[in-house]
Amino acid sequence: MFNFLQPRTRPSGMLTFAALIAALIVPASAQAERLTVCGSGCNQRTISAAVAAASPGDSIEVRAGNFPESVTIDKPRLELRGAKGGTDARGRRNVGETVVSGADGGFLLGPDADDVTIDGFRISGGTGSGTGTAKGTGIVTNPGVAGTRILNNVITSNVRGIRLNGDTSGAPTQTLVSRNQIARNNRSAPAGQPPSGVGILSDLGISNAEISENRFTEHRRNTIVFGNRDAPVSQGVDILANDLSGESGMDLRRIRSLSIVGNESLAPAKTGNRNAIALDGNIDGATIRDNKLAGRAQKNPPERELRNNGIVISNTGADTASAQIQIIGNTITDHRRGVSIASAGAYRGQLKVEFNRIVRNQRGVHNSDPDASELIDADNNWWGCNQGPGSNLGRCDGTSENVNFDPWLVLRLRAGESSIDTGGDSTQMTASLLTNSAGDTPVTFFPDNTRIDFETTRGKVGGRGRTADAVARSQLSSTSKAGAARVSATLDNETKRVKVDIEKGS
Numbered sequence: 001m002f003n004f005l006q007p008r009t010r011p012s013g014m015l016t017f018a019a020l021i022a023a024l025i026v027p028a029s030a031q032a033e034r035l036t037v038c039g040s041g042c043n044q045r046t047i048s049a050a051v052a053a054a055s056p057g058d059s060i061e062v063r064a065g066n067f068p069e070s071v072t073i074d075k076p077r078l079e080l081r082g083a084k085g086g087t088d089a090r091g092r093r094n095v096g097e098t099v100v101s102g103a104d105g106g107f108l109l110g111p112d113a114d115d116v117t118i119d120g121f122r123i124s125g126g127t128g129s130g131t132g133t134a135k136g137t138g139i140v141t142n143p144g145v146a147g148t149r150i151l152n153n154v155i156t157s158n159v160r161g162i163r164l165n166g167d168t169s170g171a172p173t174q175t176l177v178s179r180n181q182i183a184r185n186n187r188s189a190p191a192g193q194p195p196s197g198v199g200i201l202s203d204l205g206i207s208n209a210e211i212s213e214n215r216f217t218e219h220r221r222n223t224i225v226f227g228n229r230d231a232p233v234s235q236g237v238d239i240l241a242n243d244l245s246g247e248s249g250m251d252l253r254r255i256r257s258l259s260i261v262g263n264e265s266l267a268p269a270k271t272g273n274r275n276a277i278a279l280d281g282n283i284d285g286a287t288i289r290d291n292k293l294a295g296r297a298q299k300n301p302p303e304r305e306l307r308n309n310g311i312v313i314s315n316t317g318a319d320t321a322s323a324q325i326q327i328i329g330n331t332i333t334d335h336r337r338g339v340s341i342a343s344a345g346a347y348r349g350q351l352k353v354e355f356n357r358i359v360r361n362q363r364g365v366h367n368s369d370p371d372a373s374e375l376i377d378a379d380n381n382w383w384g385c386n387q388g389p390g391s392n393l394g395r396c397d398g399t400s401e402n403v404n405f406d407p408w409l410v411l412r413l414r415a416g417e418s419s420i421d422t423g424g425d426s427t428q429m430t431a432s433l434l435t436n437s438a439g440d441t442p443v444t445f446f447p448d449n450t451r452i453d454f455e456t457t458r459g460k461v462g463g464r465g466r467t468a469d470a471v472a473r474s475q476l477s478s479t480s481k482a483g484a485a486r487v488s489a490t491l492d493n494e495t496k497r498v499k500v501d502i503e504k505g506s
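Right, here's the structure in full:
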């Protein structure tokens, strides 16, 4: 019988049992190789050749230069890093970059290319004139793919920026598109292909995806488009902290569990749909919070339901009605309609619109659904003045029928002390939107960094305050002159005043 405690002698050159086991259990990451790509002196001269030579888990470092190729990636866990890998693409200088300029497009991720990273490239010049399947798109991720990371890239002057599709069944790893500059992807689309002029297009569905901290500029059609009538429903989509200023906005449909948080859309483009956020059917479970949506003010905007809105809920494709949407703590200004349900059948249940700043819109909230059971619950918003939407004074934004706006938030101002001494004594002035017109304090969220202007007739006061947790503060300081200081705080069309006596000190 073999004695397991007795070492065996082995012929010279044979691997020991322990060494064999160790070799088998070495983590894949420890075996990963780094391939380099450049004009001369590297492992490969083209990115495509490096991808072909790579194994799953390898990294490919592409040096600065121009690579006129369209790259197909057909294996998982590759990391492709351009010369600007790890450097935020938003506003960076166009020098020393790795430029991918294939006529068919930049990168195409096939169905086996899970967990691929594309970091630090400039991708431009996609016209769709090549023979491949990217059709002029900067980056394409195919249905079924999961875990893609698109980071720190400048994606510009293609037919469209990114065509972002993937696993729709609940991808185990997140797809992340972050810190990219996506600009002017407006080249004409080849016949029979999805539309051009789009920053990010997801027309075949995806799950577990985050689009965050990107800058979009000058797209003719839309910034971000999700869904079409026949596409699978996307799940778990987060659109966070993007800059869409000057753009035509988002056009979203067929998504379960959607978050749109912390984005800025200021003065949307003169072309395109001119809505900041359009939810066009089959959006089930969405939170729209802490966004700044400022329109392009027009004296006589066109009377069209689906144009010039801050947030519009529609159903132009006769899809399932949207439901369970919350619009909370946004700043929505200078649109034809701040928030709108555009038609009967667009929304199921009561839409919740709460703790928003809704000002300078021709109509603050509009409901085109005549069904009283489909009421918009729009209480506890700030409408631009303390009198509320029903005051008929023209100082607050108004609403249509089937909108409950009562109670609403009101501006208040108080002084820490009713009197202070001359000679540099001070007291804190506090302006707040914590209270509503019914005298309750319901606020759980209000847009931070909302400007409130402070002034005084005597002494000195900090001119501008910014809200944090619905409160803005300033300091009133006395000078050598005694008398009554009338301190004011102004937000939009409302000014509140309090008196603080400045008395001669002993």
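Start counting the sequence shown at 1; every next residue gets the next number (our numbering). Glycine included, every Cβ here is placed at the ideal spot set by N, Cα and C.
Leaving out five residues before and five after SER340 in sequence, what residues of the same chain have Cβ atoms less than 6 angstroms from its Cβ? ASN309, VAL312 and HIS366
Take the Cβ of ASN222 as the centre, count every other Cβ of all protein chains shown within 10 Å, and call the residue buried at 16 or more, exposed below. buried
In terms of residue numbering, what span does the beta strand (DSSP E) encompassing ILE206 cover? No beta strand (DSSP E) contains ILE206, which DSSP labels as neither H nor E.
Could you have a look at VAL51 and say whether DSSP puts it in helix, strand or coil? helix
Per DSSP, what kind of secondary structure is GLN31 in: helix, strand or coil? helix
How big is the Cα-Cα spacing for ASN397 and LEU491? Checking the sequence, you will find Asp at residue 397 rather than Asn. Their Cα atoms are separated by approximately 14 angstroms.
Residues near GLY227 in its chain [Cβ-Cβ closer than 6 angstroms; skip 5 each side]: ARG253 and ARG254
Straight-line Cα distance separating ALA103 from PRO68: 8 angstroms
Run the CB neighbour count on VAL95, radius 10 Å, all protein chains shown included, and call it buried at 16 or more, exposed below. exposed
Shortest alpha-carbon distance to GLY578 belongs to which of LEU476, THR217, ASN165 and ILE182? With the chain running from 1 to 506 in the structure shown, residue 578 is simply not present.
Please classify GLU33 as buried or exposed, where buried requires at least 16 other C-beta atoms within 10 Å of its C-beta. exposed
Residues near GLY197 in its chain [Cβ-Cβ closer than 6 angstroms; skip 5 each side]: ASN186, HIS219, ARG220 and ARG221
Determine the direct distance from the alpha carbon of THR331 to that of GLY147, and round the result to whole angstroms. 33 angstroms
Excluding five sequence neighbours on each side, which residues of the same chain lie with their C-beta closer than 6 angstroms to the C-beta of ARG348? ALA321 and ALA323
Which residue wins for smallest C-alpha separation from GLU213, given the options ASP251, GLU264, SER169 and GLY246? GLU264
For a test of the three-state rule: what should DSSP assign to GLU210, helix, strand or coil? strand
When you compare the CB positions of GLY459 and ILE502, do they come within less than 8 angstroms of one another, or not? yes
Thinking C-beta only, is VAL359 closer than 8 angstroms to THR333? yes
Would LEU293 be called buried (16 or more neighbouring beta carbons within 10 Å of its own) or exposed? buried
In terms of alpha-carbon separation, which member of GLY105, GLY262, THR117 and LEU109 lies closest to GLY125? GLY105
Just curious, the beta strand (DSSP E) that LEU151 is in, first and last residue? 149 to 151
Keeping to the same chain, check which residues put their C-beta closer than 6 angstroms to that of VAL261; ignore five residues upstream and five downstream. LEU240, ARG289 and ASP290
Cutoff 6 angstroms; reference SER178; Cβ partners in own chain excluding five residues on either side: LEU151, SER212 and GLU213
Kindly provide the ranges of any beta strand (DSSP E) runs that are 3 or more residues long and lie completely inside the stretch 66 to 94, ordered along the chain. 71 to 73 and 79 to 81
Looking at C-beta atoms only, is the number of pairs between the stretch 447 to 455 and the stretch 478 to 491 that lie closer than 8 angstroms three or more? yes
Pick from THR127, THR173 and ILE123: whose alpha carbon is nearest that of ASP114? THR173
Looking at the structure shown, is GLU455 part of a helix, part of a strand, or coil, going by DSSP? strand
By the three-class DSSP mapping on this structure, what secondary structure does SER248 have? coil
Mark ASP469 as exposed unless 16 or more other C-beta atoms lie within 10 angstroms of its C-beta, in which case mark it buried. exposed
Could you tell me which residues DSSP puts in a beta bridge with PHE216? ILE182
Short Cβ contact (8 angstroms threshold) for ASN436 with LEU393: no
The beta strand (DSSP E) that contains ARG357, what's its start and end? 357 to 359
Our contact map puts PRO407 next to ASP379 with C-beta atoms below 8 angstroms; I'd like the distance itself, whole angstroms only. 6 angstroms
Round the Cβ separation of SER314 and ALA286 to the nearest angstrom and send it over; I've been treating them as touching at under 8 angstroms. That pair is no contact at about 14 angstroms.
Give me the Cβ distance between ALA171 and ASN208, rounded to the nearest whole Å; I'm assuming they're in contact under 8 angstroms. 4 angstroms
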